[in-house]
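Enquirer:
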Amino acid sequence: MPFANFKVLEKTLTPKQKEEIVTRTTELYVELYGEQARSNTMVLVEEVADGGWGIGGNVLTLAMLGGEATPTDAGDA
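Residue numbers (this note's numbering): -12 to 64.
1. Which value, in whole angstroms, describes the spacing of the CA atoms of Lys5 and Leu52?
2. DSSP three-state label for Ala24, please.
3. Less than 8 Å between the CB atoms is what I'm expecting for Thr66 and Ala(-9), so what's the real figure, rounded?
4. Taking DSSP as the reference, what is the three-state secondary structure of Leu49?
5. Does DSSP put Lys(-6) in a helix, a strand or coil?
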């Protein structure tokens, strides 16, 4: 079963953007492995709390990365 796990900072993607990640990732697996991969492809978009990750021993925050949270759409998934 193809599996992809995306970890993103919380509140930086809208539900529509998350849906696009799932759809496009599934399509990529289908392109690589054939149509039989579609029904077995699992895509997980995990939101990591701000300050809940780091690189090179340094904790990173959205503010440090120069970003800001994206307003969430109704029905946030």
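Glycine included, every Cβ here is placed at the ideal spot set by N, Cα and C.
Expert: Looking at the coordinates:
1. 20 Å
2. The answer is helix: DSSP assigns Ala24 an H, G or I state.
3. Since the first residue of the chain shown is -12 and the last is 64, residue 66 is not available in this structure.
4. coil
5. Strand.
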